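Residue numbers (our numbering), protein chains in the order written: chain A, 1 to 76; chain B, 1001 to 1343.
Shown next, in structure tokens, is the structure this report addresses.
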């Protein structure tokens, strides 16, 4: 599991945000387009791609995209 | 728990929506345009059918059942079991199934009971009917599943107000010739994920005080995670139990929490014919235990070119409060599927 691919999969859940905005250190909760709906798409993507089911607490605990990547990795 | 039960026929499925309609677009002024549009985007729900103040779940089930008896010509005196599945019963007691047995003019030689489940409830109702028949206790069981969710949701919270609608249903399950498969699971370890403590005795007497603020009833992300985790597995389990191939399934009647959950399930199951697992609640919303029978009745009477006589292999799956979830595999090709009242 590569961080680069994870970020690409993560970015695909957004429609309007510029792809260059997605970096390991991006604080994703602050992105304007981030919403409860996008959060669900991310949970679904992570289940499909990595066979890991995150809970609401996992989404809240992660500050940056890399944090989320590390949570997923720890559950694999 | 999983099992196969032989010699069961599902003779007829009838549903009833209340007449009242709440358009989501009418809520923009109250909750803001963006909040309403974002919610509709995720839920896929454009309008809800909402029961009137005087109208209960039992009333909607009663209308569905009367429609079933009229359409089939089935003799009410042949019913020997009634199962009412709902979280919005008429009274704390007696059981609403008893009240409905009287209202529907059913015979005294009839076992009646209620099952208090929400979204997964139809699976439980079908299982209970099949077990009653398989044991030899009953020959014809009426499963009445419904909810008037609009009476329970927090009307100041657009995320729940805009998702939950009202409906009732009636399904006639009889001794017959077909095989049914069931897979049912529970997770009481996480019962708090969907919780309504405004009734019941755990919080008595706090919950009877007018100033009582209940805990948040539902955690959206956790409910979604739960569905993502258990939904595809239970569907695969019941298909395997029947010895079917997923791409041979003629129709998937999936519980429809929101559009995003149905989209996920279709994608995850990698169906060769994703149109056989439709999203269907845009005109009536998540109606709890009625959602599965609503999909089974609304979709063929709404979409073009659907011939239910080809529904030899049908999978139903539902997941919700409990936590509880499960799936049913059955043959609906000879089942009379009635157009929902007030479709």
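Ideal Cβ positions, reconstructed from N, Cα and C, are used throughout, including at glycine.
This structure is a prediction, so every number in the text was calculated from the model and none was measured.
- Taken in chain order, the members of the segment 43-65 of chain A whose beta-carbon sits within less than 7 Å of a beta-carbon on chain B are 43, 44, 47, 48, 53, 54, 55, 56 and 59.
- A Cβ-Cβ distance of about 14 Å is found for the pair residue 1315 of chain B and residue 1262 of chain B, leaving them out of contact under the 8 Å criterion.
- Cβ contact annotation for residue 1312 of chain B (same chain, cutoff 7 Å, sequence separation greater than five): 1250, 1331 and 1333, in chain order.
- Remark: fewer than three beta-carbon pairs, one from each stretch, lie closer than 8 Å, so the segment 1072-1079 of chain B and the segment 1267-1283 of chain B are not flagged as touching.
- In the structure shown, residue 1043 of chain B adopts helical secondary structure according to DSSP, grouped into three states.
- Residue range 1291-1302 is occupied by the alpha helix (DSSP H) that includes residue 1297 of chain B.
- In this structure residue 65 of chain A is in contact with residue 26 of chain A, their Cβ atoms being roughly 5 Å apart against a cut-off of 8 Å.
- For residue 1236 of chain B, no CB of chain A lies under 8 Å from its own CB, so it is not counted at the interface with that chain.
- By the neighbour-count criterion, in which a residue is buried when 16 or more other Cβ atoms sit within 10 angstroms of its Cβ, residue 1269 of chain B is buried.
- Listed along the chain, the chain B residues whose CB falls inside 7 Å of the CB of residue 31 of chain A amount to none; the nearest CB is some 14 Å away.
- Under the Cβ criterion of 8 Å, residue 35 of chain A is counted among the residues facing chain B.
- For the segment 1216-1230 of chain B, the set of residues with a beta-carbon nearer than 7 Å to any beta-carbon of chain A comprises 1219, 1220, 1221, 1222, 1224, 1225, 1228 and 1229, in chain order.
- Taking the Cα positions, residue 1112 of chain B is about 5 Å away from residue 1082 of chain B.
- Exclusion of the five residues before and after residue 53 of chain A leaves 47 as the residues of its chain whose Cβ lies within less than 7 Å of its Cβ.
- The three-state secondary structure of residue 1306 of chain B, taken from DSSP, is coil.
- Residue environment analysis places residue 1085 of chain B among the buried positions, since at least 16 neighbouring C-beta atoms fall within 10 angstroms of its C-beta.
- Using a 10 angstroms sphere on the CB of residue 1309 of chain B, the tally of other CB atoms stays under 16, which defines it as exposed.
- In summary, residue 1026 of chain B is exposed, with fewer than 16 beta-carbon neighbours lying within 10 Å of its beta-carbon over all protein chains present.
- Residue state for residue 1324 of chain B is assigned as strand, using DSSP reduced to three classes.
- For residue 1187 of chain B, no Cβ of chain A is located within less than 8 Å of the residue's own Cβ.
- Contact between the segment 1240-1249 of chain B and the segment 14-30 of chain A is not established, with fewer than three Cβ pairs separated by less than 8 Å.
- Exclusion of the five residues before and after residue 1121 of chain B leaves 1085, 1145 and 1289 as the residues of its chain whose Cβ lies within less than 6 Å of its Cβ.
- A distance below 6 Å between beta-carbons, with the five flanking residues on each side excluded, links residue 1291 of chain B to the following residues of its chain, in chain order: 1255 and 1256.
- Taking the Cα of residue 1339 of chain B as reference, the smallest distance to any Cα among B:1007, B:1058 and B:1170 is reached at B:1170.
- Listed in chain order, the positions of the segment 1041-1056 of chain B with a beta carbon within less than 8 Å of a beta carbon of chain A are 1041 and 1042.
- Residues of chain B with a Cβ closer than 9 Å to the Cβ of residue 8 of chain A do not exist; the shortest Cβ-Cβ separation is about 18 Å.
- Within chain A, the residues 44 and 48 have their CB atoms less than 9 Å from the CB of residue 1267 of chain B, given in chain order.
- Secondary structure at residue 1097 of chain B: helix, using DSSP grouped into helix, strand and coil.
- Against residue 1038 of chain B, the close residues of chain A are 35 and 37, in the order they occur along the chain (beta-carbon pairs closer than 7 Å).
- For residue 1165 of chain B, the CB contacts under 6 Å within the same chain, skipping 5 residues up- and downstream, are 1048, 1049, 1284, 1285 and 1287 in chain order.
- Chain B has no Cβ within less than 8 Å of the Cβ of residue 68 of chain A.
- For residue 1164 of chain B, no CB of chain A lies under 8 Å from its own CB, so it is not counted at the interface with that chain.
- At a cut-off of 8 Å, the C-beta of residue 1279 of chain B has no neighbouring C-beta in chain A.
- By the Cβ neighbour-count rule, residue 1137 of chain B is exposed, with fewer than 16 other Cβ atoms within 10 Å of its own.
- With fewer than three CB-CB distances shorter than 8 Å, the segment 1224-1237 of chain B does not count as touching the segment 1095-1111 of chain B.
- Proximity to residue 1189 of chain B across B:1160, B:1324 and B:1154 peaks at B:1324, based on C-alpha coordinates.
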